[in-house]
Amino acid sequence: MTVPPHAPDDTSDSSVTSPLSRVKRLTGAPSGPIIGIDLGTTYSCVAIVKDGKPAIVPSREGHNTMPSIVALTTKHRIVVGHPAKAQMLTNPTQTVFAAKRLVGRPFMSDTVQQVKDQFQYEIVEGPDGEAAVRLGADVWSLQHLSAMILVEARELATAALGVEVQRAVITVPAYYNEHQRMAVRAAGKLAGLHVERIINEPTAAALAFGHARKQAKLVLVFDLGGGTFDASLLHLDDKVYEVLSTGGDTFLGGVDFDQRIVEHLVAHASQKLCRTFEPDTSTRQRLVEAAEAAKRALSQQAETRIHVPYLVVTEGQPFDLDLVLTRPELETLCAPLIARTMDVCREVLAAGGKQVSDLEDVLLVGGMSRMPAVHEAIFALTGKKPTNAVHPDEAVALGAALFAASLGQEEGITLIDVLPMSIGVGLPRGRYKKIIERNTPLPHAKAYGIQTVKDDQAELELAIYQGEAEATDENEYLGTLKIAPLPLGPRGSVTLAVEFALSAECLLTVTAREVSKNIEVKATFSTRDTPEVVKARLERNNRIAAAVKAAQVKMHSKPQLVPVPKSWFGRLKERLFGA
Ligand code: AMP
């Protein structure tokens, strides 16, 4: 079975068609082969294991990777991959790239607000307060856009294997937070895929490296992709892959290198034009394309010419941007970015309790790691030449496919991962208390004890965050656990044990139990309300509880103990992970 080329863009219908319209809902237990998908920021890659051998599934156009780009064509069709990339220059406002950076982030979060103007497409607030994208008249959530890429991956693998694919292992950056992992799971579901497991990209790359190598090794995986950076320290021993520590930055990748070059080009144009040059959307897009091409060329050669004809018309005269960029110039522009990656590597080694001299191999993953200055910086830091045993663009998908194939096997692969960022709770006055420290091996569970602070307190809310900063508002808000109704009693008499349980794939479940009577307490985990909204509601509810109490005292009747509803755990789990 071969996968057909993309349908011609000739629909005359004005309604929008998207790849999601081809998704069949999963009914019954998913079955059949499990594929590996590397859902990258700039490129995605699909792999399968056929006859015991891992293999990449080429795109419809015959490439081993496909651009992670989704676009709305002028004929109201949503296209994915190479056809979407092809319209990037002519239709930049309707072409969504690097959207993975926004996955699982609320629209109002600082991160989204800071970066939203860097994109030419329009980033808007989705119905649930999440960052979303407007294409034509429709607003698509990031989950839907990722799902469109996953549909393409599923269809490619279905054609390659000759059987309907319903199951996948999907990789995410090691540094992804809880929300982002949940968002990828949700995207898989929208694409008609049952996500058997989410694994971290560097772990998958190490798997591709360790496959068929039996010896025990300590390796550093340096993964610099289009939009994110991760460094992970792993110990490989036959079929056991143990992550010792991990670190990174979800806002450091190839697009930041491109941005540095664009700034340089804008400064050059301003100098030549003798005025401040402010490129409009499409001109900026042309500069980004030229910058990216120059950056790639400089990985092979010492200098390259950047020529952007008709960049702007000034006083009736067209102005061509024409300059030579050398490798040392590029390296100076990007030095702070590379220095940042080296800082993370040092932190990761220290967190794993290892010295650079303990390292046996350094694996480079992600297209951006091809830059010679990256190789040199790694050599300067570790004294080791990075191995070329894995393909930087394909290793992650191949590793995911190998892991997928081992699922359910008796002698399968064992992955031991760590928590990439600490998880904790918000305290009064904006302080943050870590409950589970970063780099804790997974799975892991820890209880946190809290008491009521008021007489007859009817409910309690706990805001949960992820990050390392001391102030709550500098960390990622994950959601609020609402525990109610509580047994009434004097302040301090009701003690709750809140359990934070992290699964092997780093998904969080939070549950609560009243300690003195050892009863389960109803708890709901909401990710929509901000802590301010929760605080206001809590204050109002406590005022109501106080008024009720006052009325009860007046009537000389004893306050009633509120019955504890059953099966709250099931409902919480459903809320967190879906039915
Ligand atoms: P990934 O997300 O792993 O696909 O990374 C793609 C990123 O790698 C993009 O920012 C590319 O511009 C960059 N890239 C790909 N090839 C090269 C190269 N030869 N030299 C420098 N950067 C590259």
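Residue numbers (our numbering): 58 to 636. Think of the CB as a built atom: it goes at the ideal place given N, C-alpha and C, for glycine as much as any other residue.
Nearest residue (CA-CA) to residue i, options the options
{"i": "A194", "options": "D185, Q200, G186, E179", "result": "E179"}
{"i": "H133", "options": "Q170, R117, Q151, S116", "result": "Q151"}
{"i": "P542", "options": "I126, E516, I255", "result": "E516"}
{"i": "A288", "options": "R495, A273, K271, D306", "result": "D306"}
{"i": "S72", "options": "R548, L129, A261, L247", "result": "L129"}
{"i": "L535", "options": "Q237, R403, R191", "result": "Q237"}
{"i": "V278", "options": "T398, Q177, A216, E212", "result": "T398"}
{"i": "A558", "options": "V551, Q508, T497", "result": "T497"}
{"i": "S479", "options": "T529, L438, G487", "result": "T529"}
{"i": "H120", "options": "T131, A104, K110, A354", "result": "A104"}
{"i": "L275", "options": "H268, V190, G282, L290", "result": "L290"}
{"i": "V572", "options": "I507, T338, L565", "result": "I507"}
{"i": "H321", "options": "E388, R162, P184", "result": "E388"}
{"i": "A214", "options": "A204, T74, A225", "result": "A225"}
{"i": "M42", "options": "V127, I470, P111", "result": "The shown model of the chain, from 58 to 636, leaves out residue 42, and the question about it has no answer."}
{"i": "F164", "options": "E533, E556, L565", "result": "E533"}
{"i": "G267", "options": "L293, T285, R254", "result": "L293"}
{"i": "H364", "options": "E346, T509, Q357", "result": "E346"}
{"i": "R341", "options": "D185, P124, Q175, L519", "result": "Q175"}
{"i": "A561", "options": "I576, D474, V241, L545", "result": "D474"}
{"i": "L644", "options": "I92, A569, P547", "result": "What the structure shows of the chain is the stretch from 58 to 636, and residue 644 is not part of that stretch, so it cannot be assessed."}
{"i": "E527", "options": "K157, E386, T537, G487", "result": "G487"}
{"i": "L199", "options": "E209, V252, R162", "result": "R162"}
{"i": "L77", "options": "P111, E187, L250, K107", "result": "L250"}
Under the three-state DSSP convention, the category residue i falls into
{"i": "S614", "result": "Because the pLDDT of S614 is 32, which lies under 50, any placement of that residue in the model is unreliable, and the question is left without a value."}
{"i": "Q223", "result": "coil"}
{"i": "D377", "result": "strand"}
{"i": "E263", "result": "The sequence shown places Ala at residue 263, not Glu. Reduced to three states, the DSSP call for A263 is helix."}
{"i": "T361", "result": "strand"}
{"i": "D185", "result": "coil"}
{"i": "K246", "result": "helix"}
{"i": "R79", "result": "helix"}
{"i": "E212", "result": "helix"}
{"i": "P90", "result": "coil"}
{"i": "H251", "result": "strand"}
{"i": "Q200", "result": "helix"}
{"i": "T439", "result": "helix"}
{"i": "Q175", "result": "helix"}
{"i": "H448", "result": "coil"}
{"i": "Q237", "result": "helix"}
{"i": "Q508", "result": "strand"}
{"i": "D287", "result": "strand"}
{"i": "A273", "result": "coil"}
{"i": "Q609", "result": "Low confidence applies to Q609: its pLDDT is 46, below 50, so where it sits in the model is not reliable, and the reading given next is rough at best. Helix, per DSSP."}
{"i": "A526", "result": "coil"}
{"i": "V73", "result": "coil"}
{"i": "L406", "result": "helix"}
{"i": "P542", "result": "coil"}
{"i": "H432", "result": "helix"}
{"i": "L564", "result": "coil"}
{"i": "T389", "result": "helix"}
{"i": "T552", "result": "strand"}
{"i": "L207", "result": "helix"}
{"i": "E531", "result": "helix"}
{"i": "D295", "result": "coil"}
{"i": "T84", "result": "coil"}
Interface flag, residue i vs chain D, CB-CB below 8 Å
{"i": "A526", "result": "Considering every chain present, this structure includes no chain D. It has just one protein chain."}
- Runs of alpha helix (DSSP H) lying entirely within the segment 92–164, each at least 4 residues, in chain order: 139–143
- Uninterrupted alpha helix (DSSP H) stretches inside the segment 299–378 (no shorter than 4 residues): 311–330, 338–354
- Query: Between the segment 260–269 and the segment 243–252, do three or more beta carbon pairs fall short of 8 Å?
  - Reply: no
- Stretch-stretch touch, CB-based, cutoff 8 Å, three pairs: the segment 498–514 with the segment 409–419: no
- Item | Any 3 or more C-beta pairs closer than 8 Å across the segment 298–312 and the segment 327–342 | no
- Message: Is it the case that the segment 481–494 contacts the segment 434–451, given that we only count it when at least three CB pairs across the two stretches are under 8 Å?
- Response: no
- Message: For the segment 450–460 against the segment 368–378, do three or more pairs of beta-carbon atoms, one drawn from each stretch, fall closer than 8 Å, so that the two count as touching?
- Response: no
- Item | Sufficient close CB pairs (3 or more, under 8 Å) joining the segment 426–441 to the segment 78–94 | no
- Any chance the segment 455–468 sits against the segment 348–361, with 3 or more Cβ pairs inside 8 Å? no
- Task: Could you tell me which uninterrupted beta strand (DSSP E) segments, each at least 3 residues in length, are contained entirely in the segment 454–521, listed from first to last along the chain?
- Result: 471–473, 480–484, 488–493, 501–508
- Touch check for the segment 152–171 and the segment 214–223: three-plus C-beta pairs under 8 Å? no
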